[in-house]
Structures are given as C-alpha cells and as structure tokens.
Amino acid sequence: MSAIHRPLADFARLAIEKGNRPISIAGDCCSAIGVLAGLRSAAIDPILIWFDAHGDFNTWQTTPSGFLGGMPLAMLVGTGEQTMLKALNLKPLSEDRVILTDARDLDPGEKLLIEEANIILLTDVRDLLKLTLPDAPLYIHLDMDIVTAEQAPAMNYPAAGGPSAKELQTVMKHLNRTEKIAAVSVSSWNPKMDEDGLSRKICMGLLSTLING
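Residues in the sequence shown are numbered from 149 upward in steps of one, following the working numbering.
What follows is the structure, given as structure tokens:
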C-alpha cells in the first residue's frame, strides 16, 4: 500500500508547488496518508478535519476485524501502526491539529482511544459552524459514508443515522468561506454499487461546494 501512497504524495506536493489545490478521490481512507505526506513535503502543516461515520482510530490491539481502513486516523497521529508513515518519512500529526466529526459507529476499544486522545471530537457536523478554527491551512478528508445511507447508500461500510446531504452542504459552504482549504480527499463511495447515481451526485455536489462555494 505504501507504493500507492508515494505517487499520491508526489501528486499533492507538485500541486501545491504549482499553486494548485490537490484533490484525491480514492476507495480507502488510508489514501489520506499520501496526501498529508505531500502537504508536509510542500511545507504545509495543516489542520486535519476528518468527516467520517467511523472513527478510523483502531490499532492492532483494538480492531475486531484487522481492517487497515479502520486505522488511518490513528496512524496519522502516531498511534499504533506506523509502517506506512515511515515509508514516506512522514512524522505524525499532532493530535491537537485533528478535528474528527460524526464518528457515530465506533468499536469499543477505538472509542476509548478517541476519548483519551487530544483530538477535537464533534458528534454533530453542524458544530463545525460554531467552532473557531485555528489560523492554519485546512486539509479536509471526506469519507462519504458520513452521509445518511437513506440518501447515499452506495458505501462499502454504511452506518445507521448520520447527517443529511443538505446539512453537509451547509458545512462545506462554511469551510469554503474560510479560504483556508489546502487539500481535499474523498473516499469510500463505491461507484459499482451506485446504479442510480444518487451517491455520486451527492459526492460531487459536496466536493463542488467545498471547492467552489
């Protein structure tokens, strides 16, 4: 997997160096490791805002499934598995530079790790509208399973509940207005499951609002 992250890191770095904003659309949240490595290589130490129905904060000690896709946020802050970060010479992000929002579907051990961590946890995405963000570049990671499965069902790991697309649109517009977005990554929307195209429409709509307002 590290072999995939290196080209992604190079892509993100080159985009920044050319004055552009890197946007990644991938099937797995581990892709965020490559994007962050690219930002760091371009001398950007961002605030990471992680939208996800899950915490992605498992380690080998807490995971019930052994699924790496449930670990990337923990990896990024230096908890647990570090092989992928070391392969990219990526130092962990300070926990106080991470905002995790929603995370409504957590494993028991993962929940304890999040509670002990120094990250900002917002259980309602609308709380971002009231949060004073640090004066720093923003890296937005959007796992599409955050959207209620009633509206966007084409997800590999849907979770009950969650915000509506309309609620998320309001948050995306708010983030766009900060004019601080340095990079965006999107994951977990599965085109093969999206026969009616509804999930794609929501995904592209949120991304467009985030980038263009």
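Backbone N, C-alpha and C fix where the C-beta goes; we use that ideal spot for every residue, glycine too.
A quick note: this is a predicted structure, and the numbers were derived from the prediction, not measured.
Straight-line Cα distance separating residue j from residue i
| i | j | result |
| --- | --- | --- |
| Tyr-287 | Ala-307 | 24 angstroms |
| Ser-237 | Ala-185 | For the record, residue 237 in the displayed sequence is Asn; it is not Ser. Rounded to the nearest angstrom, the two C-alpha atoms are 8 angstroms apart. |
| Glu-315 | Leu-354 | 10 angstroms |
| Val-334 | Asn-360 | 16 angstroms |
| Leu-358 | Leu-323 | 7 angstroms |
| Leu-156 | His-289 | 14 angstroms |
| Arg-161 | Leu-276 | 27 angstroms |
Sequence-distant residues of its chain with Cβ nearer than 6 angstroms to residue i (five each side left out)
| i | result |
| --- | --- |
| Ile-268 | Ile-247 |
| Ser-172 | Ser-179, Val-183 and Ser-333 |
| Pro-282 | Ile-195 |
Cβ-Cβ separation, residue j to residue i (assumed contact under 8 angstroms), whole Å
| i | j | result |
| --- | --- | --- |
| Asp-293 | Ala-251 | That pair is no contact at about 11 angstroms. |
| Ser-347 | Pro-301 | 7 angstroms |
| Asp-158 | Cys-177 | Not confirmed; about 20 angstroms, so no contact. |
| Leu-187 | Ile-164 | 7 angstroms |
Local Cβ density within 10 Å of residue i, reported as buried at 16 or more and exposed below that
| i | result |
| --- | --- |
| Ala-395 | Any question about residue 395 goes unanswered here, given that the chain covers just 149 to 361. |
| Met-303 | buried |
| Ala-94 | The structure shown has nothing for residue 94, since the chain only spans 149 to 361. |
| Met-341 | exposed |
| Thr-211 | buried |
Run of the beta strand (DSSP E) containing residue i, from where it starts to where it stops
| i | result |
| --- | --- |
| Val-273 | First-last for Val-273: undefined, no H or E at that position. |
| Ile-329 | 329-335 |
| Thr-249 | 246-253 |
Enclosing alpha helix (DSSP H) for residue i [first to last residue]
| i | result |
| --- | --- |
| Ile-383 | Because the chain spans 149 through 361 in this model, residue 383 falls outside it and cannot be assessed. |
Short CB-CB distance (under 8 angstroms) between residue i and chain D
| i | result |
| --- | --- |
| Cys-178 | The chain labelled as chain D is not found in the depicted structure, where only one protein chain is given. |
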